[in-house]
Amino acid sequence: MRHVIALDVGGTGMKAALVGADGTLLHRARRSTGRERGPDSVVADILDFAADLRAHGIEHYGEPARAAGVAVPGIIDEAEGVAVYSANLGWRDVPLRARLTERLGVPVALGHDVRAGGLAEGRIGAGRGTDRFLFVPLGTGIAGAIGIDGRVEAGAHGFAGEIGHIVVRPGGAPCPCGQRGCLERFASASAVSEAWAAACGDPGADAADCAEAVAAGDARARAVWQEAVDALADGLVTALTLLDPRTLIIGGGLAEAGETLFTPLREAVRRRVTFQKLPSLVPAALGDTAGCLGAGLLAWDLLETAGSPAPSAPSEVTA
Numbered sequence: 071m072r073h074v075i076a077l078d079v080g081g082t083g084m085k086a087a088l089v090g091a092d093g094t095l096l097h098r099a100r101r102s103t104g105r106e107r108g109p110d111s112v113v114a115d116i117l118d119f120a121a122d123l124r125a126h127g128i129e130h131y132g133e134p135a136r137a138a139g140v141a142v143p144g145i146i147d148e149a150e151g152v153a154v155y156s157a158n159l160g161w162r163d164v165p166l167r168a169r170l171t172e173r174l175g176v177p178v179a180l181g182h183d184v185r186a187g188g189l190a191e192g193r194i195g196a197g198r199g200t201d202r203f204l205f206v207p208l209g210t211g212i213a214g215a216i217g218i219d220g221r222v223e224a225g226a227h228g229f230a231g232e233i234g235h236i237v238v239r240p241g242g243a244p245c246p247c248g249q250r251g252c253l254e255r256f257a258s259a260s261a262v263s264e265a266w267a268a269a270c271g272d273p274g275a276d277a278a279d280c281a282e283a284v285a286a287g288d289a290r291a292r293a294v295w296q297e298a299v300d301a302l303a304d305g306l307v308t309a310l311t312l313l314d315p316r317t318l319i320i321g322g323g324l325a326e327a328g329e330t331l332f333t334p335l336r337e338a339v340r341r342r343v344t345f346q347k348l349p350s351l352v353p354a355a356l357g358d359t360a361g362c363l364g365a366g367l368l369a370w371d372l373l374e375t376a377g378s379p380a381p382s383a384p385s386e387v388t389a
C-alpha cells in the first residue's frame with residue numbers, strides 16, 4: 071500500500087501520520103519534542119521518529135514510505151531543505167532534509183509549520199475551493215500563510231505571511247523580533263493570557279479563562295478581549311489591503327473561543343474596511359492536525375512532480 075510519512079514538529083511535541091495514496095490516514099502517532107535536551111537531541115529524535123514510522127509502514131503495509139514531508143517552526147529555506155533558525159528548538163542552519171533523506175532513503179519535503187497548516191486548510195479545510203486565502207493561527211505567537219491557487223507562498227527569503235510582526239501599536243510593548251507594538255504582543259493567546267492575568271489578579275489565568283469571563287459578562291475581561299480584537303482587526307485589514315484574500319481563516323487556541331471571538335472580530339474588520347472588498351472570515355476546520363496533514367500534502371506534491379498523483383483529502387484513521 072503506497073504511503074508517505076508526515077511529521078509536524080512543534081516546540082513541545084511532534085505529531086505524525088502515514089498517509090495513503092488515496093488520502094487515508096493509515097497510522098497516527100505523537101511524541102515529545104524533547105527540546106530540554108538540546109537542539110541536537112531534537113534532530114536525533116526527529117530522525118528516530120521518522121525511521122520508526124518507516125518501519126511501521128513496512129511491517130503493516132508491506133512496503134516503505136515513498137516520501138516524507140516534515141513541517142517545522144522558525145525560518146525555513148524550503149528550496150535548500152534547511153531549518154535556518156528556530157528560537158523554540160535552538161536551531162541554526164540545520165540541514166534537516168539531507169539528514170532525513172539519508173536516514174530514510176526517500177525524497178523529503180521540508181516546510182514551515184504554519185505554511186503547511188495553511189496548505190491543508192486551503193486544500194481540504196476551511197479554505198477548500200478558495201483561490202486566495204490568508205490563514206492566521208493565534209497561538210503563543212501569530213504567523214500567517216498566504217494561499218494562492220492551491221499553493222502557499224513562501225516569499226523570496228522564507229518570511230512571507232509573518233503578520234504577527236506587523237506593527238499595530240507604534241511605540242507599544244517590545245517584541246522579541248526587535249520592534250515595538252507588534253500584533254502578536256496584543257492579539258496572540260499568550261498576550262491575552264498575560265493581560266487577563268494582570269487584570270484579574272490571578273497569575274495562572276489564561277486566554278481561555280478570559281473568553282469564559284467575557285461570555286459571562288465580566289467588564290474587565292471584555293476590556294482585555296476588545297483590545298486584542300481591535301489589534302487583530304488592524305493587522306488583518308493591513309494584510310487584506312495588501313493581499314486581497316477572498317477568505318480569512320483564523321485558527322489556533324484563541325479561535326477555540328468560537329463566536330466570542332468571531333462576532334466582534336467580524337464587526338471590527340467590517341468597520342475598518344473602506345474601499346477594500348470584505349472577505350469571508352471563518353474559523354479553521356482542521357484543528358491541531360493541520361500541520362501534520364499539510365506535511366503529508368507536501369510529500370505527495372513532491373512525488374507528483376515525479377508522476378505520482380497527490381490525494382485530494384486525507385480521511386479518518388483506519389489502523
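Residue numbers (the numbering used here): 71 to 389. By construction, the Cβ of each residue, glycine as well, lies at the ideal position given by its N, Cα and C atoms.
For this session: Between the Cα of W266 and those of D122, W295, G287, L180, spot the shortest distance and give me the residue it belongs to.
Result: For the purposes of this step, residue 266 is taken as the residue at position 196 of the sequence shown. Measuring from the Cα of W266, the nearest candidate turns out to be W295.
Exercise. Which runs of the beta strand (DSSP E) spanning at least 3 residues fall entirely within the region 294 to 374, listed in chain order?
Worked result: 317 to 321, 350 to 353
Exercise. Using the C-alpha atoms, what's the distance from V284 back to R292?
Worked result: Here residue 292 refers to the residue found at position 222 when the sequence shown is read from its first residue. Here residue 284 refers to the residue found at position 214 when the sequence shown is read from its first residue. Their Cα atoms are separated by approximately 5 Å.
Exercise. Based on Cα-Cα distance, which residue from G80, A91, A168, K85 lies nearest to L373?
Worked result: As a position in the sequence shown, residue 373 is number 303, starting the count at 1. When only C-alpha atoms are compared, the closest one is A91.
Exercise. Is DSSP giving E232 helix, strand or coil here?
Worked result: For the purposes of this step, residue 232 is taken as the residue at position 162 of the sequence shown. E232 falls in the coil class under three-state DSSP.
Problem set entry | Rounded straight-line distance, which links the Cα of G366 to that of A153 | The residue you call residue 153 lines up with position 83 of the sequence shown. The residue you call residue 366 lines up with position 296 of the sequence shown. Going by the C-alpha atoms only, they are around 18 Å apart.
For this session: Pull up the distance between the alpha-carbon of R162 and that of E148, whole angstroms please.
Result: Within the sequence shown, numbered from 1, the residue matching residue 162 stands at position 92. Within the sequence shown, numbered from 1, the residue matching residue 148 stands at position 78. Their backbone Cα atoms lie some 14 Å apart in a straight line.
Exercise. Considering L166, what are the terminal residues of the alpha helix (DSSP H) in which it resides?
Worked result: For the purposes of this step, residue 166 is taken as residue 96 along the sequence shown, with counting starting at 1. It spans 166 to 174 - the alpha helix (DSSP H) in which L166 sits, taken as one unbroken run.
Problem set entry | First and last residue of the uninterrupted beta strand (DSSP E) at G248 | In the sequence shown, residue 248 corresponds to position 178, counting from 1. Here G248 belongs to no beta strand (DSSP E), and DSSP marks it neither H nor E.
Exercise. Which parts of the region 92 to 166 are runs of the alpha helix (DSSP H), unbroken and 4 residues or longer, counting only runs that do not cross its ends?
Worked result: 109 to 131
Problem set entry | Alpha carbon of T103 to alpha carbon of Q346, nearest angstrom | Residue mapping note: residue 103 aligns to position 33 of the sequence shown, counting from 1. Residue mapping note: residue 346 aligns to position 276 of the sequence shown, counting from 1. Taking the straight line joining both Cα atoms gives about 42 Å.
Exercise. H73: buried (16+ other C-beta within 10 angstroms of its C-beta) or exposed?
Worked result: Reading the sequence shown from its first residue, position 3 is the one you call residue 73. Flag for H73 reads buried.
For this session: Quick one: grab the DSSP three-state call for A179.
Result: Residue 179 sits at position 109 when you count from the first residue of the sequence shown. Strand, per DSSP.
Problem set entry | DSSP-derived helix/strand/coil call for P384 | Sequence index remark: in the sequence shown, residue 384 carries index 314 (1-based). A caution first: P384 carries a pLDDT of 42, below 50, which makes its placement in the model unreliable, though a value can still be read off. In the structure shown, P384 sits in coil (DSSP, three-state: anything other than H, G, I, E or B).
For this session: Measure how close the beta-carbons of L394 and I216 come, nearest whole angstrom, since I'm counting them as under 8 Å.
Result: It is not possible to answer for residue 394, since the shown part of the chain is limited to 71 through 389.
Exercise. Which class does G217 belong to by DSSP, given the choice of helix, strand or coil?
Worked result: As a first step, residue 217 must be located in the sequence shown, where it is residue number 147. Strand.
Exercise. Hey, out of D276, L318, G199, whose CA is closest to L324's CA?
Worked result: Counting from 1 along the sequence shown, the entry for residue 324 is found at position 254. With distances taken between Cα atoms, L324 lies closest to D276.
Exercise. Cβ atoms of I319 and F203: under 7 Å apart, would you say?
Worked result: Within the sequence shown, residue 203 is the residue found at index 133, counting from 1. Within the sequence shown, residue 319 is the residue found at index 249, counting from 1. Result yes, Cβ atoms of F203 and I319 sit closer than 7 Å.
For this session: Grab the span of the alpha helix (DSSP H) containing A259 for me, first residue to last.
Result: The residue given as residue 259 occupies position 189 in the sequence shown. Segment 259 to 270, the alpha helix (DSSP H) holding A259.
Exercise. By the 10 Å Cβ neighbour count, where 16 or more other Cβ atoms means buried, how is S382 classified, buried or exposed?
Worked result: On the sequence shown, residue 382 is found 312 positions in, with the first residue counted as 1. Any reading at S382 needs caution, since the residue's pLDDT is 46, under 50, leaving its predicted position unreliable; the model's value is listed next. Exposed, because fewer than 16 other Cβ atoms sit within 10 Å of the Cβ of S382.
Problem set entry | DSSP-derived helix/strand/coil call for A224 | Here residue 224 refers to the residue found at position 154 when the sequence shown is read from its first residue. Here A224 sits in coil by DSSP.
Exercise. Where do the N-terminal and C-terminal ends of the beta strand (DSSP E) with S79 fall, by residue?
Worked result: Against the sequence shown, residue 79 aligns to sequence position 9. Here the sequence assigns Val to residue 79, which means Ser is not the residue at that position. It spans 73 to 79 - the beta strand (DSSP E) in which V79 sits, taken as one unbroken run.
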